[in-house]
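Numbering (the working numbering), first residue to last: 278 to 450. The beta-carbon is built from N, C-alpha and C at its ideal position, and this holds for glycine as well. On a predicted model such as this, the values are computed, not experimentally measured, just so you know. Since the structure comes first, as structure tokens, the remarks are kept for the end.
Following this line, the structure appears as structure tokens:
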């Protein structure tokens, strides 16, 4: 029930005609358990563990052509991607659990910039203009269920820094 596309917002660029999709690929073992209510605890009626499918990544950002379904490029990430994606001009922005806000060339996927925020990025980046200048902001602060329930995947994220901050950057013209 976790993996694939999940809830992370994707983005579309009319300029490139591509969707930019944060994805996670893993396997899960799920089993039935007696349903016993315990106040404040998860109430699933099932147990599960999450296992990586690949040695080199769990998450990836993919540029997908909606006309053909072809993956035009992919940037792999060791940990799962939980944040959304932003397109601004010729760039694609996304955050990683390792705390990076990254920017890639929207056509090629080449990472052209990254910044360490100090904590995992789960929020989607946003953009706006003020006084003729364009800005990108992101909230940094790791959290979520994977560290609690993630099985083998949790080992990839349990070391991540907690905390929270907001980062804003002005784009060059």
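Is it true that the CB of residue 404 sits closer than 7 angstroms to the CB of residue 358? On the chain shown, position 81 is the one that residue 358 refers to. On the chain shown, position 127 is the one that residue 404 refers to. Here residue 358 is not near residue 404, since their CB atoms are 7 angstroms or more apart.
For residue 449, the first and last residue of its enclosing beta strand (DSSP E): Translated into positions along the chain shown, residue 449 becomes position 172. Here residue 449 belongs to no beta strand (DSSP E), and DSSP marks it neither H nor E.
If you reduce the DSSP assignment to three classes, tell me which class residue 379 lands in. As a working mapping, residue 379 is identified with position 102 in the chain shown. DSSP places residue 379 within a strand segment (E or B) once states are collapsed to three.
Segment contact, 8 angstroms Cβ cut-off, at least three pairs: the stretch 297-314 with the stretch 332-352: Yes: at least three Cβ pairs fall under 8 angstroms.
Run through DSSP, which three-state label would residue 318 get? Here the question's residue 318 lines up with position 41 in the chain shown. The answer is coil: DSSP assigns residue 318 none of H, G, I, E or B.
Indicate whether residue 297 and residue 365 have their beta-carbon atoms separated by less than 7 angstroms. Working through the chain shown from its first residue, we reach residue 297 at position 20. Working through the chain shown from its first residue, we reach residue 365 at position 88. Not closer than 7 angstroms, so no.
Buried or exposed for residue 295, going by 16 or more other Cβ atoms inside 10 Å? Working through the chain shown from its first residue, we reach residue 295 at position 18. Looking at its Cβ environment, which holds 16 or more other Cβ atoms inside 10 Å, residue 295 is buried.
My assumption, with CB atoms under 8 angstroms, is that residue 292 sits in contact with residue 355. Please give the rounded CB distance. Counting from 1 along the chain shown, the entry for residue 292 is found at position 15. Counting from 1 along the chain shown, the entry for residue 355 is found at position 78. That belief does not hold up - the Cβ atoms of residue 292 and residue 355 are roughly 30 angstroms apart, past 8 angstroms.
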